[in-house]
Amino acid sequence: GAVVSQHPSRVICKSGTSVKIECRSLDFQATTMFWYRQFPKQSLMLMATSNEGSKATYEQGVEKDKFLINHASLTLSTLTVTSAHPEDSSFYICSARPSGNLSWEQYFGPGTRLTVT
Amino acid sequence: GQQVMQIPQYQHVQEGEDFTTYCNSSTTLSNIQWYKQRPGGHPVFLIQLVKSGEVKKQKRLTFQFGEAKKNSSLHITATQTTDVGTYFCANGGSQGNLIFGKGTKLSVKP
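Protein chains in written order, with my numbering: chain A, -7 to 109; chain B, 421 to 530.
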């Protein structure tokens, strides 16, 4: 089956530093990947849609300059949380939609737990 | 994607009892998906519904899409402890982006 990996799985960083999270589709190509954030006991909130070779589309209220997204290849998207603050601590999950797939089915990575101290 | 409201937020059942979670929208939905997230895990795709009145079954799980395409439900017959988790409905947008409901957390007492 389709597998999506995320790295790192957990990261602790100090306030003011930047953290990069990688999302890889391991056995399929994904023109489009998505980044979600999930706070404890809450639902997934879409942050942005990442398209290979073009700029990401951010949801309302998500700061583009703070959450930098790069989708340089059909199997890799990265999310960089810049100048992280404690309120950015959350579970970040990516998903990938197989290229050419007409359905909305997408495959989720295992998530990255970010803690900002 | 469109906003979707999901109820109940929590459901505690005895093993063997049935379970249902409901998803509603004020506008017509082009599609609805259902995902399951185990504690500490990530969402796993269960099903996609696109047709008015569509009903799909997966073993003990029954998924329905309303005639007006404004509501959907997931029903589990005779729950088992392996059914524990949070069930989310989601509406997909034109780019495939998903807008999730708040989820229903199911706990099953053996």
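Backbone N, C-alpha and C define an ideal beta-carbon position, used for all residues, glycine too.
- Boundaries of the beta strand (DSSP E) harbouring Gly512 of chain B: 505 to 512, taken from the DSSP string.
- Residue pairing by DSSP places Thr441 of chain B opposite B:Leu494 in a beta bridge.
- Ranked by Cα distance from Gln(-2) of chain A, the options A:Val108, A:Ser95, A:Ala88 are led by A:Ala88.
- When DSSP states are grouped into helix, strand and coil, Glu79 of chain A belongs to the helix group.
- Taking Thr70 of chain A as reference, the option from A:Ile13, A:Asn43, A:Ala(-6), A:Leu18 with the minimal CA-CA separation is A:Ile13.
- Against chain A, a Cβ distance below 7 Å from Phe520 of chain B picks out Ser35, Leu36.
- Under DSSP, Trp27 of chain A forms a beta bridge with A:Ala40, A:Cys86.
- When only Cα atoms are considered, Gly505 of chain B and Lys456 of chain B end up about 7 Å apart.
- Per DSSP, the beta bridge partners of Gln457 of chain B are B:Thr506.
- For the C-beta of Arg2 of chain A, not a single chain B residue is nearer than 7 Å; the gap to the nearest is close to 12 Å.
- Those residues of the segment 436 to 452 of chain B placed with their C-beta closer than 7 Å to a C-beta in chain A are Asn451, ordered along the chain.
- Note on geometry: alpha-carbon atoms of Glu437 of chain B and Gly461 of chain B lie some 24 Å from one another.
- Cα atoms of Ser7 of chain A and His77 of chain A: separation of roughly 5 Å, rounded to the nearest angstrom.
- Counting only Cβ-Cβ distances below 8 Å, Gln468 of chain B has contacts in chain A at Ser95, Trp96, Glu97, in chain order.
- The beta carbon of Thr24 of chain A falls within 8 Å of a beta carbon belonging to chain B, placing the residue at that interface.
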